[in-house]
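Heads up: the structure comes next, in structure tokens.
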Amino acid sequence: MRTLGEGMYYTDLKVGDRFRTTGRTIFEADLVNFICCTGMQEGLFNNLDYIDKHSPTKRRLVPGALVYSFAEGLLIPVSIQGTGMAFLSMTLDIKAPTFVNDTIHVECEVTEVRPTSKDPSRGIVRTMNLVKNQKGETVLTYDPLRMMRGRV
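When you line the sequence shown up against UniProt numbering, it's residues 1 to 152, in that order.
This is the structure in structure tokens:
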């Protein structure tokens with residue numbers, strides 16, 4: 001019997017495969033907890049008077065680091081849980097602001113799949129991940145390179 005929530009194996013993936021996560025709303029409590037955990041004491045995130053006087057949007061911005069963290073939280077349980085072995089590298093670009101009460105999801109496309117040079121039971125997988133808001137706008141992109149297990 002298959003266990004729900006198990007990750008994918010690199011040997012089951014091919015370049016061009018595409019996936020979409022469910023959505024997740026970013027609440028005020030998420031922003032406050034993230035700021036407290038990371039120490040990101042920035043007026044654009046935690047000072048309503050500053051936001052009202054100095055922010056061009058007049059809205060509560062969410063740090064890109066939080067958006068990335070939540071994107072990984074949406075992906076990991078359904079893609080690499082139990083099969084991911086290492087996070088190797090990535091590039092990350094913030095494309096548009098994300099605000100409190102935005103709902104994000106991730107669209108993921110496999111762009112590279114290959115066995116490792118030392119052990120074919122392990123593979124290298126790169127994806128291009130687009131984080132989109134409820135309006136379908138891309139707010140963040142990143143392309144993680146991961147080592148994953150293969151089916152033996």
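Ideal placement from N, C-alpha and C gives every residue a C-beta, glycine not left out.
(message) So the candidates are 140, 148, 66 and 104; which of them puts its Cα closest to the Cα of residue 81?
(response) On the sequence shown, position 81 is the one that residue 81 refers to. Closest by alpha carbon: 148.
(message) Can you find the residues in the same chain that come closer than 8 Å, C-beta to C-beta, to residue 111, ignoring five residues on each side of it along the sequence?
(response) Counted from its first residue, the sequence shown places residue 111 at position 111. Result list for residue 111: 15, 126, 127, 128 and 143, in chain order.
(message) Quick check: the Cα distance between residue 33 and residue 61, rounded to an integer number of angstroms?
(response) Here the question's residue 33 lines up with position 33 in the sequence shown. Here the question's residue 61 lines up with position 61 in the sequence shown. Cα-Cα distance, rounded: 14 Å.
(message) By DSSP's criteria, residue 93 is part of a beta bridge. Which residues make up the other side?
(response) The count along the sequence shown starts at 1 and reaches residue 93 at position 93. Looking at the DSSP assignment, residue 93 forms a beta bridge with 141.
(request) Using alpha carbons as the reference points, say which of 90, 79, 131 and 130 lies closest to residue 185. (result) Here the chain covers residues 1 to 152 and nothing more, so residue 185 does not appear.
(request) With DSSP as the reference, label residue 51 as helix, strand or coil. (result) As a first step, residue 51 must be located in the sequence shown, where it is residue number 51. Helix, per DSSP.
(message) Strictly by DSSP, which residues pair up with residue 86?
(response) For this step, residue 86 is matched to residue 86 along the sequence shown. Bridge partners of residue 86: 147.
(message) Buried or exposed, going by whether 16 or more other CB atoms sit within 10 Å of the CB of residue 10?
(response) As a working note, residue 10 is residue 10 in the sequence shown. Buried, by the Cβ-count rule.
(request) Pull up the CB-CB distance for residue 67 and residue 131, whole angstroms please, since I reckon it's below 8 Å. (result) As a first step, residue 67 is located in the sequence shown; it is residue number 67 there, counting from the start. As a first step, residue 131 is located in the sequence shown; it is residue number 131 there, counting from the start. Indeed, because the Cβ distance is near 6 Å, the residues count as touching under 8 Å.
(request) Below 8 Å on the Cβ atoms is my guess for residue 113 versus residue 27; work out the distance and round it to an integer in Å. (result) Indexing the sequence shown from 1 puts residue 113 at position 113. Indexing the sequence shown from 1 puts residue 27 at position 27. Contact doesn't hold; Cβ gap of about 36 Å is too wide.
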